[in-house]
Amino acid sequence: MLAKNLSHDFSNTSPWQNCLKKIQDKVGPASYETWFRATELNLSDEGHAKIHVPNQFFADFIEEHFSSLIKEVMAETSISFSTLSFVPIQKDWKIIQPLSEELTEAQNRKIPQAVVESNQQFHPNYTFDKFVVGDSNRMAHAASLAVAEAPGKTSFNPLIIYGGTGLGKTHLLQAIGDFAQSEGTADNVVYLTSEEFTNQYINFVVNKKDSTSFYKKFNNVDLLLIDDIQFFSKKPGTQKEFFRIFNKLLLENKQIVLSSDRPPDKIPDMMEHIINRFLGGLITDIQPPNLETRMAILRKKAEIDGLLLPDEVIQFIAGHITSNVRELEGILIKLIASSSFTGRDITLDVARELCGDVISRKDERVSVSYIQKKVAEAFSITQNQITAHTRKREIALPRSVAMYLCKKWTRQSLRTIGLEFGGRDYSTVIHSYKKINSEIQTNVELKEKIDSIEKLIEPLLKF
Ligand code: ADP
Ligand code: MG
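The numbering of the sequence shown is my numbering, which starts it at 82 and goes up by one.
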């Protein structure tokens, strides 16, 4: 039997692709991301339609909630099939089995009745609708949403999100807590940092009569969120207590979500038991956002703050601030402050001025000469030809492209750029910039070429 594998691929429109588009319209982007993005259709010649999904949990959930919708959409897109089934790719559904002594211990523990801090306050800006999804955080976001919708009922338990600073870990943890609390998917939600956990534990050890006893807090938790667990490093007592609570909650199918600034097995002096237990859930990372996502984040933040930011300003900031989202926000706050003090509109010049100290650090790395060299290579000419005085089109076009990129990516003045192009006038630089800027709106081939050169420049803009 020859099976046709119609995989999910945005670059071509397979029949399943068409179905997915319709499904997305019907279920909305959040559910689509969670339940459908990772699916594939396998249709046999006999008409058996098998939809591949990540694991058994997905299979059950999609079958229960979406199978009639899927059938309907498949009929609309003229996919003929006789049977429809959902097949988990990951067969070994991980159930965390406690060691027997741990089980006994957890059951025997006389933990005082719960006084859980419910109605915990979450940061109003750290919600799912204010989180911009891009390639760098897609998986972490989808898993977070799945966990928030059904705490303790997914195979993502514990869910561990790791990644560098300022990339959105706290935002996601808080969004999970906020969602679960406001949508009522979990009654008792506790969010705390690992340092707060440690302090409370130490307090308990030092003062056992403390009425806000450490264990009371965790006894009835349905959703426990602990941020920055790298700070458990080298704290064996805290780790031991954390492990007990962690196991107890997992035994009761309560949801645990943790974040760390590095992969858990890279946290120095972390108990091996703990690391092993982590492997039973989902460990997923967040990477620094790419240019497109950085621009989307800026747009979103500006929208939230009611700030009108011209596209060229967004492009300028996103092009220059590449390290993390917190820094992008920092610049935005500066812009808001400045425009409210001075009443000036935020133009590219204002942005350049305010970003000056941050951006100047990178200037030496992206030079006019570097851009000339890369453009020359892309057009198979030499760097000398770019600066030479000739009007031949095969030279004039790359020269204009190089000027365009220099204006866009360096902080050199138009005059300096002109000088470095064989002593041309600054008006030539402006003219070239405008010409290329309008040409790439319609000339796809040129746009792609410029995009590929920009990919070479972008890494140099990192700190
Ligand atoms: P981390 O905990 O990973 O150090 P945070 O969650 O504190 O990072 O994020 C830093 C700032 O960046 C926060 O204000 C957060 O709202 C914002 N941020 C990070 N990622 C995103 C994103 N994808 N969309 C919107 N805002 C984001
Ligand atoms: Mg954080």
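We put the beta carbon where it would ideally sit given N, CA and C, even for glycine.
| said: Nearer than 6 angstroms: is that true of the beta carbon of Thr-251 relative to any heavy atom of the ligand MG? | reply: yes
| message | Strictly by DSSP, which residues pair up with Pro-169? | response | Val-134
| task | Please name the residue, chosen from Gly-424, Leu-413 and Lys-250, that lies closest to Cys-436 on a Cα-to-Cα basis. | result | Leu-413
| In terms of residue numbering, what span does the alpha helix (DSSP H) encompassing Leu-273 cover? | Taken as a continuous stretch (DSSP letters only), Leu-273 belongs to no alpha helix (DSSP H), being part of the beta strand (DSSP E) at 270-274.
| task | Provide the residue span of the beta strand (DSSP E) that contains Tyr-243, from first to last. | result | 240-244
| said: According to DSSP, simplified to helix, strand and coil, what is Ser-331? | reply: Note that residue 331 is Leu in the sequence shown here, rather than Ser. Note: Leu-331 maps to helix in three-state DSSP.
| Rounded distance between the beta-carbons of Gln-396 and Ile-355, thought under 8 angstroms | About 44 angstroms separates the two Cβ atoms, so there is no contact after all.
| Of the residues Ile-241, Val-228, Arg-425 and Leu-372, which one's Cα is nearest the Cα of Thr-403? | Leu-372
| query | Using the rule of at least 16 other Cβ atoms within 10 Å of the residue's Cβ for burial, across every protein chain shown, is Gly-504 buried or exposed? | reply | exposed
| said: Using only the alpha-carbon positions, how far apart do Asp-346 and Gln-336 sit? | reply: 21 angstroms
| said: Going by C-alpha to C-alpha distance, which of Asp-386, Asp-106, Pro-344 and Pro-349 sits closest to Pro-317? | reply: Pro-349
| Using DSSP with H/G/I as helix, E/B as strand and the rest coil, what is Asp-386? | coil
| task | Out of Pro-232, Phe-209, Gly-233 and Glu-230, state which residue places its alpha-carbon closest to the alpha-carbon of Gly-249. | result | Phe-209
| message | the ligand ADP and Leu-390: does the residue's C-beta get closer than 6 angstroms to at least one heavy atom of that ligand? | response | no
| task | Leaving out five residues on either side along the sequence, give the residues of the same chain with a beta carbon under 7 angstroms from the beta carbon of His-133. | result | Thr-120, Glu-121, Asn-123, Val-168 and Ile-170
| message | If you reduce the DSSP assignment to three classes, tell me which class Leu-87 lands in. | response | Any answer about Leu-87 is weak, because its pLDDT of 38 lies below 50 and its placement is not dependable; what the coordinates show is given next. If DSSP states are grouped into helix, strand and coil, Leu-87 belongs with the strands.
| said: So, with DSSP's three-state summary, where would you put Lys-152? | reply: helix
| Beta-carbon proximity list for Phe-237, same chain, < 8 angstroms, skipping 5 on both sides | Ala-224, Ala-227, Val-228, Gly-362 and Leu-363
| message | Tell me the residue span of the beta strand (DSSP E) that contains Asp-366. | response | 363-367
| said: Please state whether the Cβ-Cβ distance between Arg-496 and Tyr-507 is less than 7 angstroms. | reply: yes
| said: Closer than 6 angstroms to a non-hydrogen atom of the ligand ADP - does that hold for the CB of Phe-212? | reply: yes
| task | Starting from the Cα of Met-376, find the closest Cα among Gly-128, Tyr-485, Ile-242 and Asp-392 and give me that residue. | result | Asp-392
| task | With DSSP collapsed to three states, give me the class of Thr-468. | result | helix
| Which first and last residues belong to the alpha helix (DSSP H) in which Leu-413 is found? | 406-423
| DSSP state of Glu-535, grouped into three classes? | helix
| Which of helix, strand or coil does DSSP assign to Asn-123? | strand
| Roughly how many angstroms lie between the CA atoms of Leu-527 and Ser-513, to the nearest whole one? | 14 angstroms
| task | Run the proximity test for Gly-424: is its beta-carbon closer than 6 angstroms to any non-hydrogen atom belonging to the ligand ADP? | result | no
| task | Go ahead and label Ser-181 buried or exposed: buried means 16 or more other beta carbons lie within 10 angstroms of its beta carbon, across all protein chains shown. | result | No answer about Ser-181 holds up, because its pLDDT of 44 lies below 50 and its placement is not dependable.
| Considering only residues of the same chain and omitting the five flanking positions on each side of Asn-405, which have a CB-CB separation below 7 angstroms? | Gly-245, Thr-246, Gly-247, Leu-248 and Pro-369
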